[in-house]
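Working notes, beginning with the structure itself.
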Amino acid sequence: MADILQAVLNVGFAFAIIRITTPIAFAALGAIITDLAGTINIALEGIMLQAAFWGVFVSAITQNVWLGLAAGVLSGLSLAAILGYLNLHLKADLIIAGIALNILAAGSTVFFLYVLAGDRGVSVSLRSLVLPSIVLPVIAEIPAIGAIISGHHILTYVAILAVFVLHYLLYKTPFGLRLRAVGEHPVAAQSVGISTVKIKFIALLLSGLLASLGGLFISMGYVSWFSRDMIAGRGFIGLIAAAVAGRSAWRTLGGALIFGTAEALTFVLPIWGIASELTNMFPYVITLIALTIWGRKRIRSGKRQIDNTSGDRKF
Amino acid sequence: MYRVNLFQLLQIVSAILIALIIGLIIIFVVSEEPFRAAYYLLFGPLTRIHRSIEWIHMTIPIIFTGLAVSLVFQAKQFNIGAEGQFLVGAAGATFVALHFPPIGGLHILIIALAAMAGGTLWGAVPGLLKARFAANELVSSLMMNFIGFFLALYLVNHYFRDVQAGFMVSYRFPLTAWLPDLTIRPRLHSGIILAVIAVGLIWYFLYRTKWGYEIRMVGMNLKFAEFGGINVQRVVFYVQALSGGVAGLAGAVELMGVHHRFLWTSMPGLGFDGIIVAILARNHPLGLLFAALFIGYLRTAARLMERRTDVAAEVTIIMQAVVILLVTAEAFLQHWQRRRKEREALLDG
Chain A
0 MADILQAVLN VGFAFAIIRI TTPIAFAALG AIITDLAGTI NIALEGIMLQ AAFWGVFVSA
60 ITQNVWLGLA AGVLSGLSLA AILGYLNLHL KADLIIAGIA LNILAAGSTV FFLYVLAGDR
120 GVSVSLRSLV LPSIVLPVIA EIPAIGAIIS GHHILTYVAI LAVFVLHYLL YKTPFGLRLR
180 AVGEHPVAAQ SVGISTVKIK FIALLLSGLL ASLGGLFISM GYVSWFSRDM IAGRGFIGLI
240 AAAVAGRSAW RTLGGALIFG TAEALTFVLP IWGIASELTN MFPYVITLIA LTIWGRKRIR
300 SGKRQIDNTS GDRKF
Chain B
0 MYRVNLFQLL QIVSAILIAL IIGLIIIFVV SEEPFRAAYY LLFGPLTRIH RSIEWIHMTI
60 PIIFTGLAVS LVFQAKQFNI GAEGQFLVGA AGATFVALHF PPIGGLHILI IALAAMAGGT
120 LWGAVPGLLK ARFAANELVS SLMMNFIGFF LALYLVNHYF RDVQAGFMVS YRFPLTAWLP
180 DLTIRPRLHS GIILAVIAVG LIWYFLYRTK WGYEIRMVGM NLKFAEFGGI NVQRVVFYVQ
240 ALSGGVAGLA GAVELMGVHH RFLWTSMPGL GFDGIIVAIL ARNHPLGLLF AALFIGYLRT
300 AARLMERRTD VAAEVTIIMQ AVVILLVTAE AFLQHWQRRR KEREALLDG
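These protein sequence lines map, in sequence, to chains A and B. Okay, so the first sequence: first residue is 0 according to numbering that gives the first Met the number 0, each after it adds one. Okay, so the second sequence: first residue is 0 according to numbering that gives the first Met the number 0, each after it adds one.
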């Protein structure tokens, strides 16, 4: 027990939690926008994967990390745009289209990795770059806190900034009001001249933007390569984090932190001699438990019943 | 009951054609030998008898996972957990194959039961969580995939691993755990018969039994089903559990028929093929047979193409995604349908 406590109660572990939470937080923030707009982006996972790949590839080819970032974001946005077009114009089922786009991303990244770089599943021959880390002036000097908060990857700070921006955008601007109106009562919103299609499309694009950044963090920060299916469910975990946390950017960040902590623990548990296959299950088990507790709470408050998938549905 | 809708058929055929064209365009852009690659993609499985048999072998597990997914889809519930159920089923099958006394005939039966038990358990979890706690089954079944995958790896690595094999595989199954073959050389195992029987049984179950009726009712109109006295919670639970059992059985058939040892170190993707097949067949068991043959053909052709040319097999995954996207897009081709209806209306008038 003492050794576990020692591993958990230190500066390095707190630093690791923030690091590991970053991609989940991006996905969760993307999820909250679409949730408020009354739509859902199941393709977050695929968008993250796609962005992770194109970021790595373009940064390796151009040897310019910012071009890599731009390429990753563009590729993720295009996937989100496809989802929006399919769902809003061609009336495709939102969930099935999302699943299909996840499959598309899983297949196309592996395919293009082989075609463009000759690598099978892992980008071994690509000399890709990572985005810089930032040492915060002044804060870095504070004992303990400095070591926890300073020195993170630039996208980690972007994620924290995104919480502020999103909170402002969703709750303090006319656009945010319209977006929430579309989510709460689309017919009423339409009757006062708000285009629900346009708002939902923008919401999907914004979620795509945030998810792309989450994917880029993983392949150009968390590690410095691309490997097949490297997102490993984080997009979905982000969806759950947002659903559990409720309709606020701040609470969503809190939700993401819970799952980030769970994942960080998987690196500590092997100290007890638990096999790595079993510790790898941990984040998914936690997600399952959180999903259950949350569903139960909603049943008690009478908000939720068993549904089937005809018609719009939410998490 | 089920009438073939001309428009739906047209939509599926044109979706497949468009996907095919996209696939061919990609091949011609990336390949140094595009004609050879296109030849294998289009005709590969038909060029030799053993390749056709590979096609049938490929189709068998997809029929099972497709049946599993479509059962749940019939109740308009979601299920992307067939992948994990397949793997847990396969792990259960491996346990019994290696530890149960090898008695001819009986051995196969018990392996199949063990695999179904494993898959049922894995499917029951999302079903139970949905029925009792209204927990979203899409996410819970996906989480069960990861958990099942790591569980199977754990079991194989720690209990069944053949250390002399050089890579991570289980011990080889005894001969009593092999499915009998239909032909000797090239070998075709009898799993296809089991798959066709399963299609018949599920069809009967869905359209001729009270349980199947309840499942379809919950899918068609949940409120109406409730008013009609159907216990929706119970249906939501048993449809997921049953589906898990079918997907688990797929794992056993695949191991007993083809590999004769547990050998997966990454997810084989057969559960996801099941989703594609179920969507293509609009969840009908008989349509499933054809959809599975199509996806199996594509997979076999892709493998051949990858072995023989410079094009990676994943091009077919891109094609499959395009097919689903177009098939699920309701408004795709609707213009055509509207015009036809207008013409019919004029003629009637």
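We put the CB at the ideal spot given by N, CA and C, even for glycine.
- By the C-beta criterion, the stretch 42-56 of chain A is judged to be in contact with the stretch 198-211 of chain A, since at least 3 inter-stretch pairs fall below 8 Å.
- Counting C-beta atoms within 10 angstroms of its own C-beta, V191 (chain A) has fewer than 16 neighbours from the protein chains shown and is therefore classed as exposed.
- Of all residues in the stretch 78-97 of chain B, the ones placed with a Cβ closer than 8 Å to any Cβ belonging to chain A are I79, in chain order.
- Looking at the backbone, the Cα of A89 (chain B) and that of G145 (chain A) are separated by about 50 Å.
- The way I'd put it, the stretch 71-89 of chain A doesn't touch the stretch 289-298 of chain B; fewer than three beta-carbon pairs between them come closer than 8 Å.
- Under the three-state reduction of DSSP, R186 (chain B) is assigned to coil, being neither helix nor strand.
- Closest by C-alpha distance to T93 (chain B), out of B:R260, B:L128, B:I26, is B:R260.
- One Cα belongs to I17 (chain A), the other to M266 (chain B), and the distance between them is close to 29 Å.
- Bounds of the alpha helix (DSSP H) holding I48 (chain B) are 48-73.
- Just so you know, the alpha carbons of P33 (chain B) and I26 (chain B) end up roughly 6 Å apart.
- Rounded to whole angstroms, E329 (chain B) and S69 (chain B) show a C-alpha spacing of 19 Å.
- Here D161 (chain B) has V168, S169, Y170, R171, R260 as same chain residues with Cβ atoms under 8 Å from its own Cβ, once five neighbours each way along the sequence are excluded.
- At a cut-off of 8 Å, the C-beta of R297 (chain A) has a neighbouring C-beta in chain B.
- Linking S122 (chain A) to E313 (chain B) through their CA atoms gives a straight-line distance of about 16 Å.
- For F235 (chain A), the residues of chain B that pass the 8 Å Cβ criterion are V138, L141, M142, in the order they occur in the chain.
- The beta carbon of R281 (chain B) sits closer than 8 Å to those of Q7, all from its chain and outside the five residues before and after it, given in chain order.
- Per the coordinates, the alpha-carbon of V124 (chain B) lies some 31 Å from the alpha-carbon of A248 (chain A).
- In chain A, no part has a C-beta under 7 Å from the C-beta of N230 (chain B); the shortest such distance is about 11 Å.
- Just so you know, the alpha carbons of A151 (chain B) and F145 (chain B) end up roughly 10 Å apart.
- H166 (chain A) sits in a helix when the DSSP states are folded into three classes.
- T46 (chain B) counts as exposed, since fewer than 16 other beta carbons sit within 10 angstroms of its beta carbon.
- Counting only residues of its own chain and dropping the five nearest sequence neighbours on each side, P101 (chain B) has a CB closer than 6 Å to the CB of P173, T175.
- Taking F200 (chain A) as the centre and dropping the five residues before and after it, the same chain places the C-beta of G83, L87 closer than 7 Å to its C-beta, in chain order.
- Interface flag for I317 (chain B) against chain A is set, since a Cβ pair is found closer than 8 Å.
- Counting only runs of at least 4 residues, the stretch 107-148 of chain A fully encloses the following alpha helix (DSSP H) elements, listed from N- to C-terminal order: 144-148.
- Shortest Cα-Cα distance from G182 (chain A) to any of A:W224, A:T33, A:N9 involves A:T33.
- When the Cα atoms are used, K197 (chain A) and G37 (chain A) turn out to be separated by approximately 13 Å.
- S194 (chain A) sits in coil when the DSSP states are folded into three classes, being neither helix nor strand.
- For V109 (chain A), the closest Cβ of chain B is nearer than 8 Å.
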